[in-house]
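Heads up, the thing below is written out as structure tokens.
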Amino acid sequence: MSYADVYAAWQADPEGWWMEQARRIHWHRFPRTALDASRAPLYEWFPDGLTNTCYNAVDRHVAAGHGAQAALIHDSPVTGTKRTITYAELQTQCAALAGALAARGVGKGDRVVIYMPMVPEAVVAMLACTRIGAIHSVVFGGFAADELAKRIDDAEPKAVIAGSCGIEPSRVVAYKPLLDRAIAQAAHKPDFCIVLQRDALRAEMTEGRDIDWHAALDGATPADCVWVEGNHPAYILYTSGTTGKPKGVVRPTGGHLVALNWTMKAIYDTDPGEVFWAASDVGWVVGHSYIAYAPLIHRNTSIVFEGKPVGTPDAGTYWRVIEEHGVRSFFTAPTAFRAIRREDPEAAKLAKYDISGLRALYLAGERADPDTIQWARKVLGVPVYDHWWQTETGWTIAGNPTGIEKLPVKIGSPTLPMPGYDVRILAPDGTEQPQGELGAIAIRLPLPPGTFPTLWNAEDRYREGYLSAFPGFYETGDAGMMDEDGYLWIMARTDDVINVAGHRLSTGLMEEVLATHPDVAECAVIGVRDALKGQVPMGFVCLSKGIDRPEDEIRAELVELVRDHIGPVAAFRLAVVVDRLPKTRSGKILRRTMASVADGEAVAVPATIDDPAILDEIAARVKTLGYPQG
């Protein structure tokens with residue numbers, strides 16, 4: 059069947075089409091109902107089915123005779139170690155950790171926060187939670203203590219599973235002190251913590267609360283899988299909100315299994331038994347969907363990579379991994395290839411490796427600029443496919459369904475909507491835009507299985523933030539257009555969340571942090587284009603009267619402040635002191651106008667601006683930082 063045939067089949071009978079896909083995973087009780095619309099616009103998929111994520115990702119493959127197949131390959135250039143875990147070994151470890159959690163009172167519906175580096179134990183922790191019906195919430199390892207505390211207070215976990223440290227190319231990041239500070243700061247206190255001690259830095263344990271990972275597993279009675287309803291949450295994943303308050307995206311079990319299983323062949327053209335590599339982190343949605351879950355559900359071998367595209371040890375590390383482990387499909391963010399290209403523009407290091415087994419490169423997480431796509435295509439000699447999706451959706455909204463039909467690539471477009479997504483381009487009044495016209499990208503409800511039905515403990519916020527702008531539609535927060543072939547083009551964000559190397563970060567939260575500096579009277583943070591990371595934050599601060607200190611000193615303090623409160627992931631290094639900020643007469647800061655100035659775009663001066671001359675000052679100060687780039 060062609061893509062057009064598959065998409066038309068879904069359109070003709072959406073519920074029947076998804077019920078057919080549901081037959082490809084294991085159900086303890088097959089659902090009678092595909093879609094529950096009784097609480098529309100809040101929809102649920104497969105609510106009366108019974109299944110289990112860990113069983114589908116691990117146990118069923120062992121039962122089918124595939125226990126000796128590699129499930130996870132841990133490749134860690136930062137420690138110089140490699141490890142392979144078979145499906146049978148993964149089953150044993152998941153059952154033991156699940157038993158350790160259950161013995162300490164963790165059960166169906168309880169939450170467990172996971173705060174770990176890129177080690178196989180992070181995946182074991184995720185799967186072990188799903189094994190007993192517990193709901194995990196992975197927080198990116200090394201996230202600042204106050205941000206971790208917010209997530210602990212929102213999820214109210216019964217337990218935390220953490221690593222003692224993470225290892226970066228140039229330093230070791232101590233996780234445990236950050237966890238201790240977060241727990242001390244949080245109103246909610248977990249009952250216990252399980253800590254994986256790493257040789258690079260062993261953490262001090264809190265007596266009566268902390269348990270060593272190995273001790274917990276060694277004494278545990280293995281736990282069987284607990285069957286849960288199709289609409290039971292598998293996990294909560296927090297993503298930045300425009301207010302600075304994290305949003306807990308909820309991922310239901312049944313739809314997650316069904317949709318991810320379908321994507322592995324249909325979108326990534328990967329067959330069971332083959333090696334799939336998503337170079338991401340389990341703290342992000344890509345790491346959830348395409349390191350921990352989809353490859354294992356589909357019986358692929360998934361690579362857990364603890365390193366960087368450059369510096370561990372050099373710009374050839376990706377090529378080594380692809381050759382050494384026989385990677386067939388490779389998924390990463392464009393920023394990784396920009397870093398490699400910057401370090402090795404002629405791809406000279408690639409000559410040492412044989413990557414002829416690689417079929418395709420898939421890019422997502424941020425805009426894939428044409429230069430990066432063309433360079434990657436040239437040096438790899440394989441097709442490069444951009445695709446677009448979000449933390450909220452958990453899998454591809456628009457992409458190239460290479461396992462169904464390899465559609466023509468239009469560089470700059472993620473190609474066409476996938477089955478389940480009825481994508482429309484809407485004007486502010488909700489009317490549909492004609493081809494080629496820019497508008498808000500919205501998806502007609504219901505969203506397909508595997509997407510989020512709500513936010514954790516925040517149904518009103520879910521309705522207001524995603525469903526209120528266009529009744530009957532999910533508002534993606536992105537703006538774009540469709541061309542005459544139905545190809546989707548993503549043009550910009552429609553809010554103030556910026557995308558730094560594939561990580562969505564709130565400029566509002568950064569402003570809150572900068573405002574805590576005693577010398578700062580007013581501030582604004584914008585996202586500016588960056589050749590390596592796609593976007594980086596740039597901060598503008600107005601100092602309180604009477605402050606007479608060197609700007610470099612204040613700038614360094616601001617950078618450190620953001621690093622301490624949000625973490626290195628914010629990549630906040632650009633701060634400028636200005637006399638005033640451009641505002642409307644009503645006092646609204648013109649952030650988007652500032653961003654246009656910083657990016658070197660033609661600026662239409664808003665009619666409501668209080669003093670247009672301020673923009674010239676902004677342009678001059680931005681220029682001292684090397685922007686606009688190019």
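In case it helps, the working numbering puts the sequence shown at residues 59 to 688.
All C-beta atoms in this analysis are idealised placements derived from N, C-alpha and C, irrespective of residue type, glycine included.
Tell me which residue opens and which closes the beta strand (DSSP E) that Phe201 is part of. Along the sequence shown, one-based indexing puts residue 201 at 143. Phe201 -> no beta strand (DSSP E), and no H or E assigned at all.
Status (buried if at least 16 other CB within 10 Å, exposed otherwise) for Val663: As a first step, residue 663 must be located in the sequence shown, where it is residue number 605. Val663 comes out exposed.
DSSP-derived helix/strand/coil call for Lys641: The residue you call residue 641 lines up with position 583 of the sequence shown. In this structure, Lys641 counts as strand in the three-state DSSP scheme.
For Val253, three-class secondary structure by DSSP: Here residue 253 refers to the residue found at position 195 when the sequence shown is read from its first residue. If DSSP states are grouped into helix, strand and coil, Val253 belongs with the strands.
So what does DSSP say about Lys410, is it helix, strand or coil? The residue given as residue 410 occupies position 352 in the sequence shown. If DSSP states are grouped into helix, strand and coil, Lys410 belongs with the helices.
With DSSP collapsed to three states, give me the class of Phe510. Counting from one through the sequence shown, the residue named residue 510 turns up at place 452. Taken through DSSP and simplified to helix, strand or coil, Phe510 comes out as coil.
Close Cβ partners of Arg378 (< 7 Å) along its chain, the five nearest in sequence each way excluded: Locating residue 378 in the sequence shown gives position 320, counting from the first residue. By the criterion of a C-beta distance shorter than 7 Å, Arg378 is surrounded in its chain by Tyr411, once the five residues flanking it on both sides are discounted.
What whole-angstrom Cβ distance do Asn110 and Val286 have, given they're in contact under 8 Å? Working through the sequence shown from its first residue, we reach residue 110 at position 52. Working through the sequence shown from its first residue, we reach residue 286 at position 228. 6 Å between Cβ atoms; contact.
Terminal residues of the continuous alpha helix (DSSP H) containing Ala186? In the sequence shown, counting from the first residue as 1, residue 186 sits at position 128. In the DSSP assignment, Ala186 falls within the unbroken alpha helix (DSSP H) covering 178–189.
Let me know the secondary structure DSSP gives Ser222 once reduced to three states. Numbered from its first residue, the sequence shown carries residue 222 at position 164. The three-state secondary structure of Ser222, taken from DSSP, is coil.
Quickly, what does DSSP pair Arg169 with across the bridge? List them, please. Along the sequence shown, read from residue 1 onward, the residue named residue 169 stands at position 111. Answer is Ile193.
Can you tell me the Cα-Cα spacing of Tyr348 and Ile672, whole angstroms? Mapped onto the sequence shown, residue 348 falls at position 290. Mapped onto the sequence shown, residue 672 falls at position 614. Going by the C-alpha atoms only, they are around 46 Å apart.
Indicate the three-state DSSP secondary structure (helix, strand or coil) for Val343 in the structure shown. Counted from its first residue, the sequence shown places residue 343 at position 285. The answer is helix: DSSP assigns Val343 an H, G or I state.
Are the beta-carbon atoms of Ala129 and Leu354 separated by less than 8 Å? Counting from one through the sequence shown, the residue named residue 129 turns up at place 71. Counting from one through the sequence shown, the residue named residue 354 turns up at place 296. Yes.
Would you call the segment 224–232 in contact with the segment 185–197, where contact means no fewer than 3 C-beta pairs closer than 8 Å? No, because fewer than three Cβ pairs between the segment 224–232 and the segment 185–197 fall closer than 8 Å, the two stretches do not touch.
Strictly by DSSP, which residues pair up with Gln593? Numbered from its first residue, the sequence shown carries residue 593 at position 535. Note: Gln593 sits in a beta bridge opposite Arg587.
Leaving out five residues before and five after His119 in sequence, what residues of the same chain have Cβ atoms less than 6 Å from its Cβ? One-based indexing of the sequence shown puts residue 119 at position 61. When the five nearest sequence neighbours on each side are left out, the beta carbons in the same chain lying within less than 6 Å of the beta carbon of His119 are those of Tyr145, Arg357, in order along the chain.
Do Val636 and Arg607 have their CB atoms nearer than 8 Å? Here residue 636 refers to the residue found at position 578 of the sequence shown. Here residue 607 refers to the residue found at position 549 of the sequence shown. No; because the gap between Cβ atoms is not below 8 Å, this pair is not in contact.
Does DSSP put Tyr296 in a helix, a strand or coil? In the sequence shown, counting from the first residue as 1, residue 296 sits at position 238. DSSP places Tyr296 within a strand segment (E or B) once states are collapsed to three.
Classify Phe395 as helix, strand or coil using the three-state DSSP reduction. Indexing the sequence shown from 1 puts residue 395 at position 337. For Phe395, the three-state secondary structure derived from DSSP is helix.
Let me confirm a value: Gly560 is counted as buried when at least 16 other C-beta atoms fall within 10 Å, else exposed. Which label applies? Counting from 1 along the sequence shown, the entry for residue 560 is found at position 502. Looking at its Cβ environment, which holds 16 or more other Cβ atoms inside 10 Å, Gly560 is buried.
DSSP state of Ser654, grouped into three classes? Along the sequence shown, read from residue 1 onward, the residue named residue 654 stands at position 596. In this structure, Ser654 counts as helix in the three-state DSSP scheme.
Is it the case that the Cβ atoms of Ala573 and Pro595 are separated by a distance below 8 Å? Within the sequence shown, the letter at position 515 stands for residue 573. Within the sequence shown, the letter at position 537 stands for residue 595. Between Ala573 and Pro595, the gap from beta carbon to beta carbon reaches 8 Å or more.
For Val379, name the three-state secondary structure that DSSP assigns. Position 321 of the sequence shown, counted from the start, is the residue given in the question as residue 379. In this structure, Val379 counts as helix in the three-state DSSP scheme.
Assigned secondary structure, Gly457 (DSSP; H/G/I helix, E/B strand, else coil): Along the sequence shown, one-based indexing puts residue 457 at 399. Gly457: strand per DSSP, three-state reduction.
Taking only three categories from DSSP, how would you classify Asn557? On the sequence shown, residue 557 is found 499 positions in, with the first residue counted as 1. Strand.
For Leu408 versus Phe388, is the C-beta distance shorter than 8 Å? What you label residue 408 is simply residue 350 of the sequence shown in a count that begins at 1. What you label residue 388 is simply residue 330 of the sequence shown in a count that begins at 1. Not a contact, by the Cβ cut-off of 8 Å.
Separation of Pro507 from His84, as counted between CA atoms: Indexing the sequence shown from 1 puts residue 84 at position 26. Indexing the sequence shown from 1 puts residue 507 at position 449. When rounded, the distance between both Cα atoms is 16 Å.
Tyr443 by DSSP, collapsed to three states: which one? What you label residue 443 is simply residue 385 of the sequence shown in a count that begins at 1. If DSSP states are grouped into helix, strand and coil, Tyr443 belongs with the strands.
With a floor of 3 residues, list each beta strand (DSSP E) that falls wholly inside the segment 73–109, ordered by position along the chain. DSSP runs (the beta strand (DSSP E)) wholly in the segment 73–109: 93–97, 100–103.
Taking C-beta to C-beta, are Pro215 and Val181 nearer than 8 Å? Here residue 215 refers to the residue found at position 157 when the sequence shown is read from its first residue. Here residue 181 refers to the residue found at position 123 when the sequence shown is read from its first residue. For the pair Pro215 and Val181, the CB atoms are not nearer than the 8 Å cut-off.
With DSSP as the reference, please indicate the residues paired to Ile210 in a beta bridge. The sequence position of residue 210 within the sequence shown is 152, counting from 1. According to DSSP, residue pairing for Ile210 in a beta bridge does not occur.
Quick one: using the 10 Å Cβ neighbour count with 16 as the cut-off for buried, is Ile605 buried or exposed? For the purposes of this step, residue 605 is identified with residue 547 of the sequence shown, where counting begins at 1. Within a 10 Å sphere around the beta-carbon of Ile605 sit fewer than 16 other beta-carbons, which makes this residue exposed.
Residues near Leu315 in its chain [Cβ-Cβ closer than 7 Å; skip 5 each side]: Reading the sequence shown from its first residue, position 257 is the one you call residue 315. These residues qualify, in order along the chain: Ile83, Thr109, Thr111, Asn114, Ile355.
I'd like to check one pair, Ile462 with Met77: are the Cβ atoms closer than 8 Å? Working through the sequence shown from its first residue, we reach residue 77 at position 19. Working through the sequence shown from its first residue, we reach residue 462 at position 404. Not closer than 8 Å, so no.
Does the count of Cβ pairs from the segment 147–162 and the segment 263–281 closer than 8 Å reach three? Taking a cut-off of 8 Å for Cβ pairs, the segment 147–162 and the segment 263–281 touch, as three or more such pairs fall below it.
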